[in-house]
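Colleague: According to this note's numbering, numbering within the sequence shown proceeds without interruption in unit steps and concludes at 378. Ideal placement from N, C-alpha and C gives every residue a C-beta, glycine not left out. Model, not experiment: these values are computed from the prediction. The structure under discussion is supplied below as structure tokens; questions concerning it will follow.
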Amino acid sequence: MSQSITSAEYLEEWEESLQSGNGAIACGEDGFDRVVRCKHRYSQDYYWQIELRPGFCLEFIDDHVHESLSVLTEHDESMPLVCKFYVSGHHRVLTPNVPGVKSEYEEKAGQSYLFFLPDIQETEIFPAGQRLQLVKISLDLPYFRSFHSTSEPLPVELQQLLQDHSIQRFHRSTGALSFAMQTALKSIIHCPYSGITKRICLESKALELLALQLHQWLEQHQQSTHTRSLHADDVERLYQARDILIRDIQNPPSLMDLARQAGINDYKLKHGFRQIFGTTVFGYLQTHRMEHAKQLLAERQLSIAAIAHTVGYASQSRFCHAFKQRFGITPIAYRTSI
């Protein structure tokens, strides 16, 4: 049975732990961010926040949850647009009686979410014994509207936010964290810079995450018109096929094996996959391999030969050729440039 408290009571736990010496609150070493560390009966919390620009805020939360907890939060009318990127952990959210929003949903590791939920009550339920890590970006509406372009077709929820009329609350799962998202998240969480360089890096990575998330949603929005001819079960199996395909990129299944494992015939796999993902099955695999290779090159922990093997190439020269063909630069030159 989880303990039920309000968000105000949770903050009181913070205050008590800080006053009793079980935590600390301070500016970061660069002076423009705020760091809170505290330990109390519910969890051990690390919270880091920086206001990059007026109306544009970046946060990193790293909580070790000791006790199952249910937290009731009241959002005021000025709540911003929020992007969340989950690195680890999960929790359930209850939002009853909010038109257009599920009454219950889960936010979990490896996924990102975009939502606008002003002037509501919600309950967040956190299981005990987990580490919850997430990056959160908050954008006030005036700041978000500064990016407005009339030339791009947008989902109706974003159109309403940009046009400042009939604003509708929404909560949107924008899908799995891409390799580009994961790389940007690592750059934020483990930023190696200090001073003005750090601030510029963090702002650029926060904007990159926002751009990647919006692009992901736009792709889903555009693809939805193409998937209406597919049965919902087929769409689910095609996403399952995608996950199976990239699970072991060193030894990917053949097209027939992939169809069998996903429970779909090969015709629907070939044609449905292109409808949903905009490329062939093995075109998608190749893109995934190359993006993973870029990430490994940036991490600088493996040799070029080891990276080639990791992403499924028996020949280093073939890997280097494929990498240059895709990105216009050799793996060694790419690693040197970053």
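Whose CA, out of V321, E146, F96, lies closest to the CA of R185?
Modeller: The residue you call residue 185 lines up with position 145 of the sequence shown. Nearest of V321, E146, F96 to R185, Cα basis: F96.
Colleague: Determine the closest residue to I286 out of L201, D274, A354, F322, with distance taken between C-alpha atoms.
Modeller: As a working mapping, residue 286 is identified with position 246 in the sequence shown. Closest option to I286, Cα to Cα, is F322.
Colleague: Count the other CB atoms, across all protein chains shown, that sit within 10 Å of the CB of R329; report buried if there are 16 or more and exposed otherwise.
Modeller: Sequence index remark: in the sequence shown, residue 329 carries index 289 (1-based). Under this definition R329 is a buried residue.
Colleague: Do H131 and E164 have their beta-carbon atoms positioned less than 8 Å apart in this structure?
Modeller: To locate residue 164, count along the sequence shown from 1; it is residue 124. To locate residue 131, count along the sequence shown from 1; it is residue 91. Yes, Cβ-Cβ distance for E164 and H131 is below 8 Å.
Colleague: S294 bridges to which residues according to DSSP?
Modeller: As a working note, residue 294 is residue 254 in the sequence shown. According to DSSP, which records beta bridges pairwise, S294 is partnered with nothing at all.
Colleague: Count the other CB atoms within 10 Å of the CB of F359; is the residue buried (16 or more) or exposed (fewer)?
Modeller: Here residue 359 corresponds to residue number 319 of the sequence shown, with the count starting at 1. Buried.
Colleague: Should F166 go down as buried or exposed, given a rule of 16 or more other Cβ atoms within 10 Å for buried?
Modeller: Residue numbering aside, residue 166 sits at position 126 when the sequence shown is read from its first letter. Answer is buried; the Cβ neighbour count reaches 16.
Colleague: State the DSSP-derived secondary structure class of G312, mapped to helix, strand or coil.
Modeller: Your numbering for residue 312 matches position 272 in the sequence shown. G312 falls in the helix class under three-state DSSP.
Colleague: By the DSSP assignment, the beta strand (DSSP E) with L172 in it spans what residues?
Modeller: Sequence index remark: in the sequence shown, residue 172 carries index 132 (1-based). Run containing L172: 170-179, per the beta strand (DSSP E) assignment.
Colleague: Classify Q341 as buried or exposed, calling it buried when 16 or more other Cβ atoms lie within 10 Å of its own Cβ.
Modeller: On the sequence shown, position 301 is the one that residue 341 refers to. When all chains shown are included, Q341 counts as exposed.
Colleague: Taking a contact to mean a Cβ-Cβ separation below 8 Å, would you say E114 touches Q161 in this structure?
Modeller: Residue 114 sits at position 74 when you count from the first residue of the sequence shown. Residue 161 sits at position 121 when you count from the first residue of the sequence shown. Yes, these two residues count as a Cβ contact at 8 Å.
Colleague: Would the segment 113-128 count as touching the segment 169-176 if we require 3 or more Cβ pairs under 8 Å?
Modeller: Enough Cβ pairs lie closer than 8 Å, so yes.
Colleague: Excluding the 5 residues preceding and the 5 following C231 in the sequence, name in chain order all residues of the same chain whose CB lies nearer than 7 Å to its CB.
Modeller: If you number the sequence shown from 1, residue 231 lands on position 191. Hits under 7 Å: K238, C241, L242.
Colleague: Please state whether the Cβ-Cβ distance between I284 and Q301 is less than 8 Å.
Modeller: The residue given as residue 284 occupies position 244 in the sequence shown. The residue given as residue 301 occupies position 261 in the sequence shown. Closer than 8 Å, so yes.
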